[in-house]
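Asks: Residue numbers (numbering that gives the first Met the number 0): 0 to 222. Every residue, glycine too, gets a C-beta built ideally from N, C-alpha and C. Pasting in a structure now, in structure tokens, and then I'll have a few things to ask.
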Amino acid sequence: MPETSFRAMQESIINGAPDTASALAQAALTEGIPPLDAINEGYVPGMHAIGEQFAQGKMFLPDMMASAEAMRAAMAVLEPELKKLGAERPSAGTVVLGTTKGDIHEIGKVLVGTLLTAHGFRVVDLGIDVSGERFASKARDLKADIVGVSALLTTTMKNQRSVVEALDRAGLRPQVKIIVGGAPVTRRWAEEIGADGYAKDAMSAVSLAQELMAQKATPVAAT
Ligand code: B1M
Numbered sequence: 000m001p002e003t004s005f006r007a008m009q010e011s012i013i014n015g016a017p018d019t020a021s022a023l024a025q026a027a028l029t030e031g032i033p034p035l036d037a038i039n040e041g042y043v044p045g046m047h048a049i050g051e052q053f054a055q056g057k058m059f060l061p062d063m064m065a066s067a068e069a070m071r072a073a074m075a076v077l078e079p080e081l082k083k084l085g086a087e088r089p090s091a092g093t094v095v096l097g098t099t100k101g102d103i104h105e106i107g108k109v110l111v112g113t114l115l116t117a118h119g120f121r122v123v124d125l126g127i128d129v130s131g132e133r134f135a136s137k138a139r140d141l142k143a144d145i146v147g148v149s150a151l152l153t154t155t156m157k158n159q160r161s162v163v164e165a166l167d168r169a170g171l172r173p174q175v176k177i178i179v180g181g182a183p184v185t186r187r188w189a190e191e192i193g194a195d196g197y198a199k200d201a202m203s204a205v206s207l208a209q210e211l212m213a214q215k216a217t218p219v220a221a222t
């Protein structure tokens with residue numbers, strides 16, 4: 000019964016229970032529930048619920064940390080299944096991914112990386128708290144097609160602009176596309192800082208990356 004399973008998944012996150020989260024993920028795979036459905040309909044709503052309760056002062060930092068631990072436990076089971084799909088596809092391009100300077104949130108970014116991998120992208124995840132200079136130097140070394148920058152805090156969003164500027168300074172902008180995302184990020188913000196695109200969730204990030212790769216393959220002729 001997916002509905003009941005999804006509710007149990009959500010509760011395992013709210014309760015910060017990694018063993019339960021992991022066991023439910025395993026059960027979902029056994030029952031044939033698609034891993035992405037388990038993530039999007041089971042676990043992610045749990046993360047949103049904990050975020051709301053934190054904002055209302057009903058939950059505290061240790062609760063959020065326990066929920067993140069439970070989410071990681073579920074992802075450890077589901078991620079390999081999602082990534083398997085990518086191994087069967089021709090390479091779609093190279094993406095250098097990271098969370099911006101000053102920000103340690105990683106769950107959404109990891110999910111973006113997993114789905115990109117599942118769709119054939121080679122993803123190099125630089126982790127959290129990544130400076131603009133590091134994004135630029137890795138993009139150059141790896142001949143990246145796309146740089147993806149995640150930010151979860153209103154205070155660290157501005158560092159997405161620093162990444163755009165660092166790639167500009169390194170002379171990489173003609174060949175490297177920049178995509179931004181994260182809960183406080185908007186399309187308007189992406190345009191304002193000169194990024195090439197904004198994605199509201201992990202699946203949209205995949206579609207956007209595919210579109211940008213298609214644009215790179217057929218550049219608009221200069222007039
Ligand atoms: Co923090 N935190 N947190 N936190 N945390 C939020 C973001 C917050 C909204 C909670 C709240 O108040 N309601 C709030 C930010 C408020 C604001 O800035 N407006 C907040 C705060 C305040 C903080 C601290 C400052 C708390 C403190 O210390 N007092 C602190 C900051 C530390 C720092 O970074 N310097 C902090 C710390 C933490 C933990 C460490 C405890 C933990 C993170 C653990 C970890 O990642 N390893 C944590 C968590 C878990 C959250 C919430 C509850 C959940 C985030 C999450 O994982 N969501 C969050 C509340 C919320 O978001 N509702 C909150 C699930 C994930 C799948 O979604 O990350 O949004 P998300 O990713 C989505 C999309 O955004 C998008 O696709 C993903 C999948 O669909 N996306 C991209 C993300 N990146 C993308 C990149 C792309 C494209 C799409 O292209 C490159």
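Rounded to whole angstroms, what's the CA-CA distance from Ile192 to Gly126? Just pull it up for me.
Replies: As a working note, residue 192 is residue 193 in the sequence shown. As a working note, residue 126 is residue 127 in the sequence shown. Cα to Cα, Ile192 sits roughly 22 Å from Gly126.
Asks: Output the boundary residues of the beta strand (DSSP E) element that contains Ser149.
Replies: Start at 1 with the first residue of the sequence shown, and residue 149 comes out as number 150. 145-149 is the span of the beta strand (DSSP E), which, as asked, contains Ser149.
Asks: Considering only residues of the same chain and omitting the five flanking positions on each side of Gly119, which have a CB-CB separation below 7 Å?
Replies: What you label residue 119 is simply residue 120 of the sequence shown in a count that begins at 1. So the list reads Gly85, Arg88, Pro89, Ser90, Ala91, once near-sequence residues are dropped.
Asks: If Leu166 and Ala208 are in contact, beta carbons under 8 Å, what's the gap, nearest whole angstrom?
Replies: Taking the sequence shown and counting its residues from 1, the one referred to as residue 166 is at position 167. Taking the sequence shown and counting its residues from 1, the one referred to as residue 208 is at position 209. That pair is no contact at about 16 Å.
Asks: I need the boundaries of the beta strand (DSSP E) containing Ile178, first residue and last residue.
Replies: Along the sequence shown, read from residue 1 onward, the residue named residue 178 stands at position 179. Here the beta strand (DSSP E) through Ile178 covers 176-180.
Asks: Would you decide whether Glu105 is buried or exposed? Buried here means 16 or more other CB atoms lie within 10 Å of its CB.
Replies: What you label residue 105 is simply residue 106 of the sequence shown in a count that begins at 1. Per the 10 Å Cβ criterion, buried.
Asks: On a CA-only basis, which of Met202, Lys215, Ile32 is nearest Leu115? Give me that one, please.
Replies: Here residue 115 corresponds to residue number 116 of the sequence shown, with the count starting at 1. For the residues Met202, Lys215, Ile32, the minimum Cα distance to Leu115 belongs to Met202.
Asks: Grouping DSSP H, G and I as helix and E and B as strand, with all else coil, what is Phe59?
Replies: Here residue 59 corresponds to residue number 60 of the sequence shown, with the count starting at 1. In the structure shown, Phe59 sits in coil (DSSP, three-state: anything other than H, G, I, E or B).
Asks: Assuming contact is defined by CB atoms lying nearer than 8 Å, are Asp195 and Leu211 in contact in what I supplied?
Replies: Position 196 of the sequence shown, counting from 1, holds the residue named residue 195. Position 212 of the sequence shown, counting from 1, holds the residue named residue 211. Yes; because the gap between Cβ atoms is below 8 Å, this pair is in contact.
Asks: Given 7 Å as the limit, tell me if Ile12 has its C-beta closer than that to any heavy atom belonging to ligand 1.
Replies: Stepping through the sequence shown from its first residue, residue 12 is reached at position 13. Between ligand 1 and the CB of Ile12, the shortest heavy atom gap is not smaller than 7 Å.
Asks: If you compare alpha carbons, which of Gln9, Gly15, Asn158 is closest to Gly180?
Replies: Taking the sequence shown and counting its residues from 1, the one referred to as residue 180 is at position 181. The option with the nearest alpha carbon to Gly180 is Asn158.
Asks: Taking the alpha carbon of Ala27 as the point to measure from, which residue in Ser130, Ser4, Tyr42 has its own alpha carbon closest?
Replies: Along the sequence shown, read from residue 1 onward, the residue named residue 27 stands at position 28. With distances taken between Cα atoms, Ala27 lies closest to Ser4.
Asks: Cutting at 8 Å between CB atoms, please list the residues of its own chain near Ile38, excluding the five before and the five after it.
Replies: Walking along the sequence shown from the start, residue 38 turns up at place 39. Cβ within range, chain order: Ala73, Met74, Leu77, Leu110.
Asks: Just how far apart, CA to CA, sit Val95 and Ala213?
Replies: The sequence position of residue 95 within the sequence shown is 96, counting from 1. The sequence position of residue 213 within the sequence shown is 214, counting from 1. About 18 Å.
Asks: Helix, strand or coil: which one does DSSP assign to Val43?
Replies: Along the sequence shown, read from residue 1 onward, the residue named residue 43 stands at position 44. Helix.
Asks: With Gly97 as the anchor, note down where its alpha helix (DSSP H) starts and where it stops.
Replies: For the purposes of this step, residue 97 is taken as residue 98 along the sequence shown, with counting starting at 1. Premise fails: Gly97 lies in the beta strand (DSSP E), 92-98, not in any alpha helix (DSSP H).
Asks: Would DSSP call Gly131 helix, strand or coil?
Replies: Locating residue 131 in the sequence shown gives position 132, where the first residue counts as 1. If DSSP states are grouped into helix, strand and coil, Gly131 belongs with the helices.
Asks: With DSSP as the reference, please indicate the residues paired to Arg172 in a beta bridge.
Replies: Translated into positions along the sequence shown, residue 172 becomes position 173. In DSSP, Arg172 forms no bridge with anything.
Asks: How is the beta strand (DSSP E) around Asp18 delimited, first residue to last?
Replies: Working through the sequence shown from its first residue, we reach residue 18 at position 19. Asp18 -> not in any beta strand (DSSP E); alpha helix (DSSP H) instead, spanning 17-30.
Asks: Hey, quick one: how far does the alpha helix (DSSP H) through Val184 stretch, first residue to last?
Replies: Taking the first residue of the sequence shown as position 1, residue 184 is located at position 185. Segment: none, Val184 is in no alpha helix (DSSP H) and carries neither H nor E.
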